[in-house]
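Just so you know, we're using this note's numbering here: the sequence shown kicks off at 370 and counts up by one.
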Amino acid sequence: MAQPITDYSRLCIHTMTTKPWSLKEAADAYAKAGVAGITVWRQHLEPFGAKEAGTIMRDSGLKVVSLCRGGFFPATSSAAREEAKTDNRRAIDEAAEIGAPLVVLVCGAVPGIPLPVARQQIIDGIASVLPHAKAAGVKLSIEPLHPMFADNRSAVNTLEQANNMVVALGSEWAGVTVDVYHLWWDAHLEAEIGRAGKNILSFHVCDWRTPTRDLLNDRGMMGEGCINIPQIRGWVERAGFNGFIEVEIFSNEFWAQDQQQLLHRIQRAYRSHV
Ligand code: ZN
370 MAQPITDYSR LCIHTMTTKP WSLKEAADAY AKAGVAGITV WRQHLEPFGA
420 KEAGTIMRDS GLKVVSLCRG GFFPATSSAA REEAKTDNRR AIDEAAEIGA
470 PLVVLVCGAV PGIPLPVARQ QIIDGIASVL PHAKAAGVKL SIEPLHPMFA
520 DNRSAVNTLE QANNMVVALG SEWAGVTVDV YHLWWDAHLE AEIGRAGKNI
570 LSFHVCDWRT PTRDLLNDRG MMGEGCINIP QIRGWVERAG FNGFIEVEIF
620 SNEFWAQDQQ QLLHRIQRAY RSHV
């Protein structure tokens with residue numbers, strides 16, 4: 370088990386967790402609450418543009434942990450695959466502008482493209498944008514998604530697959546993201562976290578609700594589901610990761626609530642269930 374958490378110095382919140390807030394509102398509220406880090410989603414960055422978002426980030430005093438998200442490499446036409454690479458280069462530029470050291474990749478999947486083909490297209494896509502990432506000083510992190518998303522969001526569904534891709538890419542600018550929501554069920558998780566070692570670039574937490582009422586937007590607050598988060602945090606830390614613990618919750622239920630109260634609830638849950 371991991372050591373108990375006593376402060377918010379490693380707490381990072383994804384702007385999608387408080388989706389109704391603008392980037393500015395989220396940054397102000399997180400900083401005021403003593404949260405140390407922020408992960409910016411592109412839809413929150415967009416209304417401001419990268420330049421102004423960068424100013425907001427620098428003024429907030431928050432550490433920008435990552436930009437979400439790049440990826441979505443597989444496509445049925447080569448023109449669409451090229452467009453995906455262009456968009457990923459744009460995401461890398463935005464990350465550099467706002468001071469994010471990392472772009473998290475939701476790698477993509479397309480119904481009708483066999484998963485092994487999609488995985489090869491993902492490797493090819495990442496490989497072709499890696500030089501741009503390196504030049505910008507921004508790392509790319511492959512985030513495996515739960516298999517329920519294998520049809521249209523990601524053909525990378527286990528940490529083993531992500532680790533294999535990092536080996537195939539052979540670059541220190543590519544690594545993996547461990548998200549407990551996507552990976553908690555995997556019997557090989559502990560071993561694959563150990564195998565990933567220093568390639569673990571980020572760590573996401575929330576919880577798995579029973580029943581899950583919506584495939585995408587019904588993630589739970591830490592402690593209200595069945596994931597043993599402290600155990601997985603312990604594995605990640607034993608592998609050498611000591612970076613931010615990122616609260617990433619997509620929830621129609623929480624988005625309908627008062628976001629300031631939600632923020633306080635996140636902080637309580639972070640201290641008692643992570
Ligand atoms: Zn995640």
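Glycine included, each C-beta is placed from N, C-alpha and C at the ideal position. Bear in mind that the values here come from a model prediction, so they are computed numbers and not experimental data.
Can you round the beta-carbon distance between residue i and residue j to whole angstroms, since I take them to be within the 8 Å contact cut?
i              : j              : result
leucine 528    : leucine 558    : 6 Å
alanine 469    : alanine 524    : That belief does not hold up - the Cβ atoms of alanine 469 and alanine 524 are roughly 25 Å apart, past 8 Å.
glycine 440    : valine 475     : 4 Å
isoleucine 598 : methionine 590 : Wrong, their Cβ atoms sit about 11 Å apart, outside the cutoff.
glycine 494    : lysine 454     : 6 Å
alanine 396    : isoleucine 382 : Not quite, the Cβ-Cβ distance comes to about 10 Å (not below 8 Å), so this is no contact.
serine 510     : valine 549     : That pair is no contact at about 15 Å.
threonine 387  : leucine 631    : 6 Å
valine 605     : isoleucine 562 : 6 Å
glutamine 490  : arginine 459   : With a Cβ gap of about 19 Å, glutamine 490 and arginine 459 do not count as contacting.
asparagine 621 : aspartate 583  : 6 Å
isoleucine 618 : tryptophan 553 : Contact flag wrong, Cβ pair sits at about 15 Å.
alanine 565    : alanine 496    : With 8 Å as the limit, alanine 565 and alanine 496 do not qualify as a contact, their Cβ atoms being about 19 Å apart.
Just tell me which of the options has its CA closest to the CA of residue i.
i                 : options                           : result
histidine 633     : Trp542, Ala398 and Ala608         : Ala398
isoleucine 461    : Pro516, Ile618, Gly612 and Lys508 : Lys508
methionine 517    : Gly544, Ala504, Thr546 and His551 : His551
alanine 413       : Ile374, Ser378 and Thr384         : Checking the sequence shown, residue 413 turns out to be histidine, not alanine. Residue Thr384 is the option with its Cα nearest to histidine 413.
phenylalanine 613 : Gln626, Ala625, Phe572 and Arg588 : Phe572
lysine 503        : Leu514, Gly539, Trp604 and Trp577 : Gly539
alanine 560       : Gln530, Trp542, Lys393 and Thr581 : Gln530
glutamate 466     : Leu570, Glu622, Pro580 and Val409 : Val409
tryptophan 542    : Thr424, Ala444, Asn568 and Pro443 : Asn568
valine 574        : Glu606, Arg459 and Arg602         : Arg602
tryptophan 577    : His642, Ala419 and Ile491         : His642
leucine 484       : Ala519, Glu452, Ser497 and Asn457 : Ala519
serine 435        : Pro416, Arg450, Ala405 and Ala449 : Ala405
lysine 401        : Arg564, Glu606, Asp456 and Gln629 : Gln629
methionine 534    : Glu512, Trp553, Trp554 and Asp555 : Glu512
methionine 426    : Leu392, Glu415, Glu452 and Tyr639 : Leu392
histidine 515     : Arg637, Asn526 and Ala505         : Asn526
glutamate 394     : Leu380, Ala371, Gln372 and Ala422 : Ala422
asparagine 457    : Cys437, Ala371 and Ser446         : Cys437
How would you label residue i, buried or exposed, when you count the other beta carbons within 10 angstroms and need 16 or more for buried?
i              : result
asparagine 521 : exposed
valine 486     : exposed
glycine 403    : exposed
arginine 588   : buried
valine 536     : exposed
leucine 585    : exposed
proline 443    : buried
glutamine 480  : Going by the sequence as given, residue 480 is proline instead of glutamine. Looking at its Cβ environment, which holds fewer than 16 other Cβ atoms inside 10 Å, proline 480 is exposed.
threonine 424  : exposed
glycine 684    : Residue coverage of the chain in this structure runs from 370 to 643, which leaves residue 684 outside it and unanswerable.
serine 378     : exposed
proline 580    : exposed
alanine 464    : buried
arginine 411   : buried
tryptophan 390 : buried
glutamate 615  : buried
Would you say residue i lies against chain C (beta-carbon separation less than 8 Å)?
i          : result
serine 391 : You won't find chain C in this structure, because it holds only one protein chain.
- Task: Let me know the beta strand (DSSP E) ranges lying completely inside the stretch 471-549, each 3 residues or longer, listed in chain order.
- Result: Counting only runs of 3 or more, we get 471-475, 508-511 and 543-548.
- Query: Taking a cut-off of 5 Å, which residues have a beta-carbon closer than that to any heavy atom of the ligand ZN, in chain order?
  - Reply: Asp548, His573 and Glu617
- Message: Suppose only complete runs of 4+ residues qualify. What are the alpha helix (DSSP H) ranges in the stretch 380-421, listed by chain order?
- Response: Qualifying alpha helix (DSSP H) stretches, in chain order: 392-402 and 411-414.
- Which residue spans inside the stretch 583-638 form an unbroken alpha helix (DSSP H) run of at least 4? 598-607 and 621-624
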